[in-house]
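Engineer:
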Amino acid sequence: MARPDPYHPVPAVAPEGAGLDRLSGLLERCRVRAHLFHAGPLCGTTHFAAEPGRGFLHVMRRGEMSLSHPDAQGTPRRLQVREPSLLFYPRPLAHDFHNAPVEGSDFTCATLEFEGGDAHPLVRALPPLIVLPLAQVPGLTACLELLFAETERVQCGQRLMADRLFEVLLMQLLRWMLAHPASSGLPAGLLRGLSHPQLARALVAVHERPGEAWSLDRLAEVAGVSRSRFAALFKAEMGDTPADYLLSWRLTLACQALRRGQPVKQLADELGYATPSAFSRAFAQRLGCSPREWLARQGG
């Protein structure tokens, strides 16, 4: 069977699932911030450098171009983009746009700051590049019209408005990927799990209530499948065991809270550990140091 191409995905029909919000619990706790930095034509070669903790979301409004990646890292070295498209880089990756030297393509571009950088759950779950023709994603028109209107003339609050619209655009893209996991070329991981109707129920519960006593039996009950079926599904779609993912999620939240100055005792209680020492042991076993040592290494 041919593997799906994440750079030129084919439309598919796969309902996201009624009555289940798969993204809010995740993005409320692990935020993504967008910052507009360019609107207008690009001519010749434009280089976008890789910087720690920074991704990119480009919208090519008109024209066509050649896209190259000097360091590749799982992306094609050169790629042609021939129609208006979204180009999404969730992690740092240097890339170059090659446009005609005169009257090049027209772009609106933003950087993306994922809270926690490469440790952000979405960064870990996404391919290094998604290229998606705008015509392939229904529902983008209204957001794009507002975004383009904000970038075409100076108005009060223009930059803040454009930043927030880019964040809306990112959520619409993630919605589409959840509804079309095969077409998106998603690797095993969080988004594949969230796109699965049974696993999504358990993952959303863990994201929204990380401190509860989540056993394998209880998670399977939330998912509505047997214990053995849940364990097998979870491993196949997530590439991890339920216990390992629960620990990763709790420690992701712990690292963010430590940066904000939250004390270990309070964290242990909120994340479902009986004592601060139990939390510190789990933290050290996974990250190789105590919470205090980890925070010192972050410069906190």
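Using the working numbering, the first residue of the sequence shown is number 3, and each one after it goes up by one.
All C-beta atoms in this analysis are idealised placements derived from N, C-alpha and C, irrespective of residue type, glycine included.
As the structure is a computational prediction, the values presented were derived from the model and not from experiment.
#1: Just confirm the distance between the C-beta atoms of Leu-44 and His-71, as a whole number of angstroms; I'd bet it's less than 8 angstroms.
#2: Quick one: what does DSSP say Cys-145 is sitting in, helix, strand or coil?
#3: Which same chain residues, not among the five before or five after Arg-33, have their C-beta less than 6 angstroms away from its C-beta?
#4: Quick check for students: name the residue ranges of the alpha helix (DSSP H) that lie wholly in the stretch 212-259, counting only runs of 4 or more.
#5: Could you give the C-beta distance for Thr-113 and His-37, rounded to a whole number, given that I count them as a contact under 8 angstroms?
#6: Taking DSSP as the reference, what is the three-state secondary structure of Glu-152?
#7: Counting along the chain, where does the alpha helix (DSSP H) carrying Asp-165 start and finish?
#8: How would you call Leu-162, buried or exposed, if buried means at least 16 neighbouring beta carbons within 10 angstroms?
#9: In the structure shown, what three-state DSSP assignment does Val-266 receive?
#10: Kindly say whether Arg-126, judged by its beta-carbon, lies nearer than 9 angstroms to any beta-carbon of chain C.
#11: Mind checking who Cys-291 pairs with in its DSSP beta bridge?
#12: Would you tell me roughly how many angstroms separate the C-alpha atoms of Glu-214 and Tyr-275, rounded to the nearest one?
#13: Considering only the alpha carbon of each residue, which of Gly-226, Ser-282, Thr-243, Leu-218 lies closest to Leu-260?
#14: On the DSSP letters alone, give me the boundaries of the beta strand (DSSP E) that Glu-210 sits inside.
#15: Excluding the 5 residues preceding and the 5 following Ala-204 in the sequence, name in chain order all residues of the same chain whose CB lies nearer than 6 angstroms to its CB.
#16: Thinking C-alpha only, which one of Pro-278, Val-206, Thr-277 is nearest Pro-244?
Structural biologist: Answer, in terms of the structure:
#1: Distance from Leu-44 to His-71 at the Cβ level is roughly 17 angstroms; contact not present, criterion being Cβ atoms closer than 8 angstroms.
#2: Of the three classes helix, strand and coil, the one that applies to Cys-145 here is helix, per DSSP.
#3: So the list reads Glu-117, once near-sequence residues are dropped.
#4: You should have 218-225, 229-240.
#5: In this structure Thr-113 touches His-37 by the C-beta definition: roughly 5 angstroms separates them, less than 8 angstroms.
#6: In the displayed model, Glu-152 falls within a helix according to three-state DSSP.
#7: Segment 160-181, the alpha helix (DSSP H) holding Asp-165.
#8: Burial call: exposed.
#9: Correct three-state label for Val-266: helix.
#10: The chain labelled as chain C is not found in the depicted structure, where only one protein chain is given.
#11: Looking at the DSSP assignment, Cys-291 forms no beta bridge with any residue, so it has no partner.
#12: Just so you know, the alpha carbons of Glu-214 and Tyr-275 end up roughly 9 angstroms apart.
#13: Closest option to Leu-260, judged by alpha-carbon separation, among Gly-226, Ser-282, Thr-243, Leu-218: Ser-282.
#14: Looking at the DSSP string, Glu-210 is not in any beta strand (DSSP E); the run it does join, the alpha helix (DSSP H), is 199-210.
#15: Cβ-Cβ distances below 6 angstroms link Ala-204 to Leu-221, Val-224, Ala-225 in the same chain, with the five nearest sequence neighbours on each side left out; the list follows chain order.
#16: For the set Pro-278, Val-206, Thr-277, the Cα lying nearest the Cα of Pro-244 is the one of Val-206.
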